[in-house]
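Working notes, structure below.
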Amino acid sequence: MIKKLPSRLHNLIRETYNLMLVSGHIPEQWKSSTIIPISKPEKFNYNMVNVRPIELLDTFRKVHLNFNQNYKFQVGDDI
971 MIKKLPSRLH NLIRETYNLM LVSGHIPEQW KSSTIIPISK PEKFNYNMVN
1021 VRPIELLDTF RKVHLNFNQN YKFQVGDDI
């Protein structure tokens, strides 16, 4: 979906990510997430042992985290 945005929004997103990278500031909303219990393939039977947590993240947060990890890897390894 992000790929379908107009180029001016791509530029705005890129500038925002660059600013976050330089300043080290991450929006407060990105520091929390929603955890949803999903039942395992076995029967649930209302037993919490048969549930696994799934963390739902905002798309922009996922992109930023992925970019940030790649950046740290490249800088750390002098690539």
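Sequential numbering of the sequence shown, starting at 971, is according to my numbering.
Idealized CB from N, CA, C, for every residue including glycine.
Keep in mind it's a predicted model, so treat the numbers as computed, not measured.
Measure how close the beta-carbons of Ile-972 and Thr-1029 come, nearest whole angstrom, since I'm counting them as under 8 angstroms. Taking the first residue of the sequence shown as position 1, residue 972 is located at position 2. Taking the first residue of the sequence shown as position 1, residue 1029 is located at position 59. At roughly 7 angstroms, the Cβ-Cβ gap stays under 8 angstroms, so Ile-972 and Thr-1029 are in contact.
Where Ile-972 falls: helix, strand or coil (DSSP): Within the sequence shown, the letter at position 2 stands for residue 972. Helix at Ile-972.
So Ile-983 is in the alpha helix (DSSP H); what residue range does that whole segment cover? By 1-based counting over the sequence shown, the position of residue 983 is 13. Element bounds for Ile-983: 977-993.
Quickly, what does DSSP pair Thr-1004 with across the bridge? List them, please. Stepping through the sequence shown from its first residue, residue 1004 is reached at position 34. Answer is Leu-1026.
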